[in-house]
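*Asks:* In this note's numbering, the protein residues as written are -14 to 159.
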Amino acid sequence: RALCRDRGRARLLLYIFLFGALLVLGYGFLSQATTNSCYLGSYLKKVGTFEMKDHGVMSGTFVSSNSFGSYCGMALVAALTLLFAPRRGQGHVPYGYGEQEEGFLSGLTGFRLVMLAISLLMLGGLLISASRAGLAATVATVGLVILLMMRGLWRARPDLTRLVIIGAVVVGIV
-14 RALCRDRGRA RLLLYIFLFG ALLVLGYGFL SQATTNSCYL GSYLKKVGTF EMKDHGVMSG
46 TFVSSNSFGS YCGMALVAAL TLLFAPRRGQ GHVPYGYGEQ EEGFLSGLTG FRLVMLAISL
106 LMLGGLLISA SRAGLAATVA TVGLVILLMM RGLWRARPDL TRLVIIGAVV VGIV
């Protein structure tokens, strides 16, 4: 709590977390390509002997693919948060202001494209891990982050409430 009290430090911690997650994901892809994720260092993650045709679920530096999937999910949420967070110095803009200034393409900066690419990489790692629990936790956390980022807009835009309810129903059906 003391480290994240300052916005700059909180962003720095998210950047460090994403860097570590990229390293873990890179190791996971390397391990998948070389030993089919059956080994973690010198630890054999399967019962019996290792043959080159054997396949394991991708787990990076974690023994369990569920832990790896949850870690990729946390990194995905961090990247999405940085992707949609207001830029430094911009702060929170009240509803109705600044809408004409910025279109969709002008908001796609190099930083946001990098965060989008990292988000897609982490989503890929999460899906390759085949962790249902990691996916469920990530979906719940993304929903919570969306609600937190939209606080204060509910009264200003009542159509958002309908949109969120319809979106939740569609996600529930899918």
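Virtual Cβ for every residue (Gly too), placed ideally from N, Cα, C.
Being a predicted model, the structure only gives us computed values, none of them experimental.
Can you give me the start and stop residues for the alpha helix (DSSP H) that residue 54 sits inside?
*Replies:* As a working mapping, residue 54 is identified with position 69 in the sequence shown. Note, residue 54: alpha helix (DSSP H), 50 to 69.
*Asks:* Go to residue 115, then tell me how far its alpha helix (DSSP H) extends in each direction, as first and last residue.
*Replies:* As a first step, residue 115 is located in the sequence shown; it is residue number 130 there, counting from the start. Careful: residue 115 lies outside any alpha helix (DSSP H) and carries neither H nor E.
*Asks:* Over what stretch of residues does the alpha helix (DSSP H) that includes residue 19 continue unbroken?
*Replies:* Numbered from its first residue, the sequence shown carries residue 19 at position 34. Residues -8 to 20.
*Asks:* Distance, Cα to Cα, residue -3 vs residue 36?
*Replies:* One-based indexing of the sequence shown puts residue -3 at position 12. One-based indexing of the sequence shown puts residue 36 at position 51. Residue -3 and residue 36: Cα-Cα distance of roughly 43 angstroms.
*Asks:* Among 20, 65 and 112, whose alpha-carbon lies nearest the alpha-carbon of residue 0?
*Replies:* On the sequence shown, position 15 is the one that residue 0 refers to. Closest option to residue 0, Cα to Cα, is 65.
*Asks:* Cα-Cα, which of 159, 151, 69 and 147 is closest to residue 127?
*Replies:* Translated into the one-based positions of the sequence shown, residue 127 becomes position 142. Residue 127 has its Cα closest to that of 69, out of 159, 151, 69 and 147.
*Asks:* So residue 61 and residue 100 are in contact, right, with Cβ under 8 angstroms, and what is the actual spacing, rounded?
*Replies:* One-based indexing of the sequence shown puts residue 61 at position 76. One-based indexing of the sequence shown puts residue 100 at position 115. The Cβ separation is near 10 angstroms, so there is no contact.
*Asks:* Assuming the contact rule is C-beta atoms closer than 8 angstroms, residue 21 and residue 5 should be a hit. Round their C-beta distance to whole Å, please.
*Replies:* The residue given as residue 21 occupies position 36 in the sequence shown. The residue given as residue 5 occupies position 20 in the sequence shown. Actually they do not touch by this definition, with Cβ atoms about 24 angstroms apart.
*Asks:* Which word fits residue -11, buried or exposed, when buried means at least 16 other C-beta atoms lie within 10 angstroms of its C-beta?
*Replies:* As a working note, residue -11 is residue 4 in the sequence shown. Under this definition residue -11 is an exposed residue.
*Asks:* Work out the CA separation of residue 96 and residue 9 for me, nearest whole Å.
*Replies:* Stepping through the sequence shown from its first residue, residue 9 is reached at position 24. Stepping through the sequence shown from its first residue, residue 96 is reached at position 111. The alpha-carbon atoms of residue 9 and residue 96 are separated by roughly 21 angstroms.
*Asks:* Does DSSP put residue 98 in a helix, a strand or coil?
*Replies:* Reading the sequence shown from its first residue, position 113 is the one you call residue 98. In the structure shown, residue 98 sits in a helix (DSSP, three-state: H, G or I).
*Asks:* Note down the Cα distance separating residue 154 from residue 38, rounded to an integer number of angstroms.
*Replies:* For the purposes of this step, residue 154 is taken as the residue at position 169 of the sequence shown. For the purposes of this step, residue 38 is taken as the residue at position 53 of the sequence shown. Residue 154 and residue 38: Cα-Cα distance of roughly 43 angstroms.
*Asks:* Assign residue 25 to one of three DSSP states: helix, strand, or coil.
*Replies:* Along the sequence shown, one-based indexing puts residue 25 at 40. In this structure, residue 25 counts as strand in the three-state DSSP scheme.
*Asks:* Take residue 118 and list the residues in its own chain whose beta-carbon comes closer than 6 angstroms to its own, dropping the five residues that flank it on each side.
*Replies:* Within the sequence shown, the letter at position 133 stands for residue 118. Counting only Cβ-Cβ distances below 6 angstroms, and skipping sequence neighbours, we find 51.
*Asks:* What does a CB cutoff of less than 8 angstroms around residue 130 pick up in its chain, not counting 5 residues either side in sequence?
*Replies:* If you number the sequence shown from 1, residue 130 lands on position 145. Once the five neighbours on either side are set aside, the close Cβ partners of residue 130 are 62, 65 and 66.
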